[in-house]
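The sequence shown begins at -14 in this note's numbering and counts up one residue at a time. Beta carbons: idealized from backbone N, C-alpha and C, even for Gly.
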Amino acid sequence: MTPPQGPVDSSTVPRFAGPATFARIPRLDEVGRAGITVLGIPFDSGVSYRPGARFGPSRIREASRLLRPFNPALDVAPFEVVQVADAGDVPVNPFDIRSALDTIEAAALAMTSEGQNLVTIGGDHTVTLPLLRSAARRHGPVALVHFDAHLDTWDTYFGADYTHGTPFRRAVEEGLLDTEALCHVGTRGPLYGKKDLEDDRRFGFGIVTAADVYRNGVDHVAQQLRERVAGRPVYLSIDIDVLDPAFAPGTGTPEAGGLSSRELLEILRGLNGLDIVGGDVVEVAPAYDHAEITSIAAAHVAYDLVSLIALTRGRAAGPDRETREVP
Ligand code: MN
Ligand code: MN
């Protein structure tokens, strides 16, 4: 077994030089095969307010140059546990949403056909629907922990079914989600009406509001989430607007009163031990960002997602994994 090929060595190539891949890991075509693939989805044709998330993947990669190979918070060197590679961006149709969704689903299916895991960087939240289609094809209906200021279970906008505010209603309708194990985290801000919450509850979602996070604390919230989704394949979807605009100004639909990046990262780390099969970080819209605040937060979130999945794969491979091939 050849050991995984890691990131570029920063002691010989400075961080502001070298490849523009996520965390300076190798490209997928350089290694042939990866256990975890990082994939960009530069799509924002589903947004309802500020556009620009199509430039999220490149800015998150740029902000990820400073990530280092060992993650002390999770006690893992993710790029050593498993081959992690960057597959670049999916060439999505910016004018035809249905076509874009099909392209994303096909790409996700192809990249997970042999049991690999996918961490995607968006892109607006519309992209999570085809990613869930792909995940459900492989695992059956998945549990979902959804970090977001918004519910994203609305029905239509201007008659359109596929938007960044509707992916989780569509996913429930399509049977992609395990409706016993769904939760939003970080929800806040005004709604259209009380019916939004009634519909959401009917689909099976629990809600941990942003206020619940600061009242109850991150450990309590992580424990609540673990109890809700334990023992099932879990998908993590992270809309960067779950963070307060102070921590993520560069996003499409900002809402006051959100989580800090520290709270989000700590809740994520508290999910270690679950069977995490995939995840996404979406809604980074760099044109509204300042000093890379949002893309730095998103890069760290994606790094922790990769770390969590590396730990999941390490556990699945068993205690004698040193002698087994971990693709
Ligand atoms: Mn949102
Ligand atoms: Mn969202």
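What is the DSSP secondary structure of residue i, reduced to helix, strand or coil?
| i | result |
| --- | --- |
| F132 | strand |
| T(-13) | coil |
| P312 | Caution applies to P312, whose pLDDT of 44 falls short of 50 and renders its modelled position unreliable; the value that the coordinates give is listed next. P312 falls in the coil class under three-state DSSP. |
| I10 | coil |
| P218 | strand |
| T22 | strand |
| Y34 | coil |
| N257 | strand |
| N56 | strand |
| D(-6) | coil |
| V198 | helix |
| T238 | coil |
| A72 | strand |
| V67 | coil |
| D224 | strand |
| L244 | strand |
| P61 | Position check: residue 61 holds Val in this sequence, whereas Pro was assumed. Correct three-state label for V61: strand. |
| T151 | coil |
| G303 | coil |
| V77 | coil |
| G41 | helix |
| P4 | coil |
| H285 | helix |
How big is the Cα-Cα spacing for residue i and residue j?
| i | j | result |
| --- | --- | --- |
| R313 | V130 | The chain is shown only over -14 to 312; residue 313 falls outside these bounds and no answer can be derived. |
| E268 | L167 | 21 Å |
| V203 | A120 | 27 Å |
| R306 | P63 | Any reading at R306 must be qualified, since the residue scores a pLDDT of 44, below 50, and its modelled position is unreliable; the value itself is stated next. Whole-angstrom Cα-Cα distance: 14 Å. |
| H205 | E248 | 12 Å |
| Q209 | V127 | 18 Å |
| A58 | L253 | 11 Å |
| R35 | I82 | 17 Å |
| E40 | P234 | Residue 40 is actually Phe in this sequence, not Glu. When rounded, the distance between both Cα atoms is 15 Å. |
| E240 | V104 | 25 Å |
| D74 | D226 | 22 Å |
| F190 | I21 | 28 Å |
| D87 | F80 | 13 Å |
| D265 | G108 | 10 Å |
| T172 | G160 | 23 Å |
| I26 | Y273 | 19 Å |
| R200 | V193 | 11 Å |
| G31 | Y177 | 19 Å |
| H285 | E47 | 12 Å |
| A270 | P76 | 18 Å |
| E99 | H110 | 26 Å |
For residue i, tell me which candidate among the options has the shortest Cα-Cα distance.
| i | options | result |
| --- | --- | --- |
| A283 | I294, A302, D224 and G258 | D224 |
| S245 | P230, D87, T236 and T105 | P230 |
| G150 | E99, F55 and V112 | V112 |
| V291 | A272, G303 and L250 | L250 |
| L259 | G237, H285, Y273 and V214 | V214 |
| T297 | L24, V16, N257 and A270 | N257 |
| V219 | G25, V66, L117 and S30 | L117 |
| D320 | I281, G242 and L94 | Any question about residue 320 goes unanswered here, given that the chain covers just -14 to 312. |
| D60 | A301, L293, G303 and A302 | L293 |
| Q68 | L114, E15 and F188 | E15 |
| D185 | E212, R211, A207 and A156 | A156 |
| R53 | R12, A38, P(-8) and G255 | P(-8) |
| R18 | D71, P42 and P(-1) | D71 |
| H135 | R211, T164 and S222 | S222 |
| A5 | R50, P(-1) and V23 | R50 |
| G125 | R154, P115, D163 and S98 | D163 |
| I45 | V262, A287, G303 and L94 | A287 |
| G237 | L182, R211, T279 and T(-13) | T279 |
| T141 | P152, T(-3) and D133 | P152 |
| I10 | T138, T(-3) and P(-11) | P(-11) |
| A207 | G174, H169 and P175 | H169 |
| A93 | S84, P115, N78 and I106 | P115 |
| T97 | G263, G3, F188 and T138 | G263 |
| W139 | F1, S33 and D(-6) | S33 |
Going by DSSP, which residues form a beta bridge with residue i?
| i | result |
| --- | --- |
| F190 | L167 |
| T105 | L24 and D265 |
| Y142 | A145 |
| V127 | L162 |
| T97 | According to DSSP, which records beta bridges pairwise, T97 is partnered with nothing at all. |
| T172 | T194 |
Check whether the Cβ of residue i sits closer than 7 Å to any heavy atom of ligand 3, and report yes or no.
| i | result |
| --- | --- |
| H131 | Ligands present in the displayed structure are limited to ligand 1 and ligand 2, and ligand 3 is not among them. |
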